[in-house]
Amino acid sequence: MEYDFRKIEKEWQAQWKANGAYKVKNDFTKPKCYVLDMFPYPSGAGLHVGHPLGYIASDIYSRYKRLKGFNVLHPMGYDAFGLPAEQYAIEHGVHPAKSTAQNIDTFRKQLDNIGFCYDWDREVRTCEPGYYKWTQWIFLQLFNSFFNRSASKAESITQLVDEFEKNGNAAHECPGDASLRFTAAEWKAFSEKEKQDILMNYRLAFCGYGEVNWCEALGTVLANDEVVNGVSERGGHPVVKKKLRQWYLRITEYADRLLEGLETIEFSEAMKEMQTNWIGKSYGAEIDFVIVSRQSAGVSEQLTTHPSPLTVYTTRPDTIFGVDFMVIAPEHELIATITTAEQKQAVEEYITYVKSRSDRERQAEKKISGCFTGAYAVNPFNGKQIPIWISEYVLAGYGTGAIMGVPCGDERDHKFAKHFNIPITNIIGEHYNGVDANPTKDAKLENSEFLNGVVMRDAIGIVNAKLEEMGIGKKKVNYKMRDAAFSRQRYWGEPFPIQWKNGVAVPLSETELPLLLPEVESYSPGPEGEGPLANIPEWVAKELETNTMPGYAGSSWYFLRYMDPHNNETFCDRKVSDYWNQVDLYIGGTEHAVGHLLYSRMWTKALYDLGHIGFDEPFRKLLNQGMIQGSSRFIYRYNQVANSDLGRPPIFISKGFIDKLENRSVGEEEIAKSLKKIFGVDYKTWIEDQSLFTTWVELRVDVNFVDGVELDIEAFRKWRNGEYANAVLICENGEIVMPDTPLSTRGEGPGVRYICGSEVEKMSKSKFNTVNPDTLVEKFGADTFRMYEMFLGPVDQSKPWDTKGIEGVHRFLKKLWRLFFDEVKGKIWTEEKATAEELKVLHRTIRKIEEDTERFSFNTAVSAFMICVNELADLKCHKREILEPLVIMVTSYAPHISEELWKALGNSNSVLDAAFPIYEEKYTIESSKEYPVSINGKVRTNINIALDASPEQVQEIAMANELVQKWMEGKPLKKFIFVKGKMINVVI
RNA sequence: GCCCUGGUGGUGGAACUGGUAGACACGCAGGACUUAAAAUCCUGUUCGCCGCAACGCGAGUGCGGGUUCAAUUCCCGCCUGGGGCACCA
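Going letter by letter, the first sequence gives residues 171 to 1158 in our numbering.
In structure tokens, the structure reads:
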């Protein structure tokens, strides 16, 4: 009886489906475990071998936890709204709903092939009304709440209104407009529209005008994390700044809690680092400087003081005596009023220049540029007049848009000072070498009046205190993170449940949800940067918001919906979310570090604050799967143009032969001689075709018909409907394979091979380096595929895909099969009692599988299985007592074969309902073993030691050992080194 | 530039808190079975040296130091691959 994986896998998959084997109940009596994959965006390309890596890992862990007696929630769904489906619709005229559904079908088929234990009854699709009804509902929760800074949590906006009516906004600084102050009386006097405009500045989801990243090609705005190097992440189109009415999430209010939360969850250091950087919290101070203008009045100079001060933000108030210039952003509002008559023209020219430069250019070439305004700021401590410059390196959107330039301590300021010949004040003595700035905080200050001799680190507090006392400065915390743009001018997304009535945003009531996405004729953007919905008269007539929500809306809370997916009363029943609680293991790629993972953390915190769920971090542990890269293969085509002009077939040269040509270890003449035979052109004429021998081009070939680096020539000829059917191939040893050269008459030996070049790149269809899991599953079976993906190496490591080696795993499964069945005899397992040695093998494996699975070291677990099976085969052990527990363990990794073997052992139920075997140490303790003993680190011989002996006993044994006595040459022993009861070393 | 993370045989990778480095697998070489192939099984495989032989000797985890009886593991200084951030004052 052979291991017929195709039949086994097909049958069991059908059976699982028929029995609802993976249905998960909300059974509150059992301990729970929530294992989640980042749900995929169903693109048209389907899965390649990189995608299932994380899915397999989570599947193994889920099955393992289930065997351990947990109620495991392991769901799957689709992040179905988004740009690509809409782009596809524009290009092909297919409704996004239709193409998305098709793509989902393909995904599902591919996933089912691999034998995952998802409970498909809990599937969610973010584009379905039953789902996005609740996305809209949560949006309204955010819309109807504000962040109470003193309580550091979200609260209902009606509470805020009550507060305003009693006390005005004295206790609640307006996050959208810090200067806004009003009393209760003033509040009551405001018109309804004024009140609503003020409230909008407090809401967690709010609408406002702002600079946004506008992508013309995509016809929409993008969030900061969707813009990479000045172009759109998707498609790489240019992105420009534009002022538009937009919806935002006030995520900045959660900056501190998002930082604090990181300490309570298990994310990788790299991931925490990325989020911390993105939030970019910095502690500093805002300092006001008096601005003066100098006017020459005859011989003397006259000073005029400007009415408003220049406020800068700095993290280094201690360097205030080192300030040699101020820099303000080109967009700074003071420019108009402080620029002197003499500098007016230069400033205008400079601002025109800055405007001419796109963000892209600014980032690509960091030129030092700037212009003096003619005005001066006055150092409050010593009255020094400091020139105020404008430069594009200061960003308007961060801090106050103005900085104090300290060239001896800041690299950028230093370059600026050098470039414009501004004299540099040195306040750190020998720590500044005149060539490079030194940002140290540990130097003692010089040239700093009352701060002289103080270590910089300590001076910060002193200066801050002094500034505060003088009323010209205050401590200030800043964040790099901005509020998240939350609207898109696109069609394929959730409509906002908002109506605009006389310029006031009015939320729809809960009973009006879901606000259905209407059918449209055209997906092109509406007028003035509005979405396609603006083209629908009925929509506009109802004054509904024409923007839609971005892709991350639906994915910010999907993990909650899986818990209670069919609930029509609420997004997720509180009792149910209390039970399933946090995701215990979340597996996905790092690419969502500052997008999805930040937004979903914020939504969770808001829902927690508002009392809808009982936990404020969604993911307890995050495991990042590594990227599987493609390994592309190249063939080398000899001067294609000249060849086809001469009416000759394409010629491809093997990698090694190319190298030989480059090293001149074969001459081109040599090829020419051989080719003469083929083309019948005489040698001389051929040589005169110089162009033929000057160039070759690299072409990618499909990796699926390259075995390692050797090209499967027959498959290559059939590729792309025989495009290369007539190709001439020059092999590794120079031998030529013609289209009509039959395989049999081809020369033998390692030289007659066409060898390809290779390079590791991102896996993508256009590079012909994708490997489809379906073909591997077809060839080796799902179980082999699953185990092989795990065997490749640690899940969190990136690596190029290499199919070599999959046979080793396949062989393992066949060996496992042969412990049960013999080709001739059939069943060979017995009911005999296991020997001590067999039990030892089993229990060692139990311990190892348990440990490795718990710490997600799936590759070493697979190895442990292999060792176990090898050892059992060596022992010729076919006993149920050993095999049954083994099968239970294997089922997490290779579920199909396990079911089959489990059934063969005569069990009527499924192995899924079995319990993970219990490890018993008594079976693995060795009574005695030979251990090497070394003296001063050098191994001298082996001695026998009782393993369960105490260190004292071991010492006695060793002492008694004649050999030890002899090595010591009568010298007394200083000490023995013991490790876990074993004596490892003797020190003389 | 800053931060994170790796560097171990021909290859992918083991060695979890310092304790016989190279598990397991691929590849390769040799052998058995077979008319042959496939499948399967066995032996060898870090490098170098000595040898009839060995449970013989020496070196060895990117490089150079250090701590320790003992270092792939800890510390210091370099070199280098990958990832992230990048005018955030």
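No residue lacks a Cβ here, since even glycine has one placed at the ideal position from N, Cα and C. Just so it is clear, the structure is predicted and the values come from calculations on it, not from any experiment.
The residue from 451, 500 and 508 with its alpha-carbon nearest to that of residue 463 is 508. DSSP, reduced to helix, strand and coil, places residue 254 within a helical segment of the structure shown. Shown here, residue 677 sits in a strand according to DSSP, grouped into three states.
Pairing residue 595 with residue 466, the inter-Cα distance amounts to about 26 Å. Taking 8 Å as the cut-off, the beta carbon of residue 578 is found closer than this to the beta carbon of residue 608. Shown here, residue 877 sits in a strand according to DSSP, grouped into three states. Around the beta-carbon of residue 492, 16 or more other beta-carbon atoms lie within 10 Å, marking it buried. By the criterion of at least three beta-carbon pairs nearer than 8 Å, the segment 674–684 is in contact with the segment 361–376. Per DSSP, the continuous alpha helix (DSSP H) segment holding residue 231 begins and ends at 222–237. For the options 248, 305, 290 and 206, the alpha carbon positioned closest to that of residue 188 is the one of 290. Inside the segment 318–399, DSSP marks whole alpha helix (DSSP H) runs of 4 or more residues at positions 327–337, 354–359 and 362–370, from first to last along the chain. Rounded to the nearest angstrom, the gap between the Cα atoms of residue 544 and residue 612 is 35 Å.
Three or more beta-carbon pairs separated by less than 8 Å are not found between the segment 582–596 and the segment 471–481, which leaves the two stretches without contact. In the three-state reduction of the DSSP assignment, residue 283 falls in the helix class, which pools H, G and I.
Within its own chain, the residues whose Cβ lies closer than 6 Å to the Cβ of residue 769, once the five positions on either side in sequence are excluded, are 722 and 726, listed in chain order. Per the DSSP secondary-structure output, residue 208 pairs with nothing in a beta bridge.
A direct Cα-to-Cα measurement between residue 880 and residue 563 gives close to 53 Å. Counting the other Cβ atoms within 10 Å of the Cβ of residue 502 gives 16 or more, which makes it buried.
The continuous stretches of alpha helix (DSSP H) do not include residue 406, and DSSP gives it neither H nor E. About 18 Å separates the beta carbons of residue 1019 and residue 1004, which is beyond the 8 Å limit, so they are not a contact pair. Around residue 789, the same chain offers 753 and 756 as residues with beta carbons nearer than 6 Å, after the five sequence neighbours per side are excluded. Taking a cut-off of 8 Å on C-beta distances, the segment 301–309 does not touch the segment 212–227, as fewer than three cross pairs fall below it. Residue 805 and residue 221 have their C-alpha atoms some 27 Å from each other. CA-CA distance, residue 541 to residue 583, rounds to 14 Å. Setting aside the 5 residues that flank it on each side, residue 240 is surrounded in the same chain by 201 and 203, each with a C-beta closer than 6 Å to its C-beta; the list follows chain order.
In the three-state scheme derived from DSSP, where H, G and I count as helix and E and B as strand, residue 895 is classed as coil. For residue 967, the closest alpha carbon among the candidates 244, 758, 400 and 245 is that of 758. Residue 794 is bridged by DSSP to 758. Linking residue 1077 to residue 889 through their CA atoms gives a straight-line distance of about 49 Å. With contact defined as three or more Cβ pairs closer than 8 Å, the segment 987–997 and the segment 776–783 are not in contact.
DSSP, reduced to helix, strand and coil, places residue 213 outside both helices and strands of the structure shown, so it counts as coil. By the criterion of a C-beta distance shorter than 7 Å, residue 749 is surrounded in its chain by 196, 198 and 202, once the five residues flanking it on both sides are discounted.
In the three-state reduction of the DSSP assignment, residue 1040 falls in the helix class, which pools H, G and I. Here the segment 725–740 makes no contact with the segment 410–417; the two share fewer than three CB pairs at distances below 8 Å.
Taking a contact to require three or more Cβ pairs closer than 8 Å, the segment 277–289 and the segment 175–194 qualify as touching.
Note on residue 450: under 16 other CB atoms within 10 angstroms of its CB, so exposed under the neighbour-count rule.
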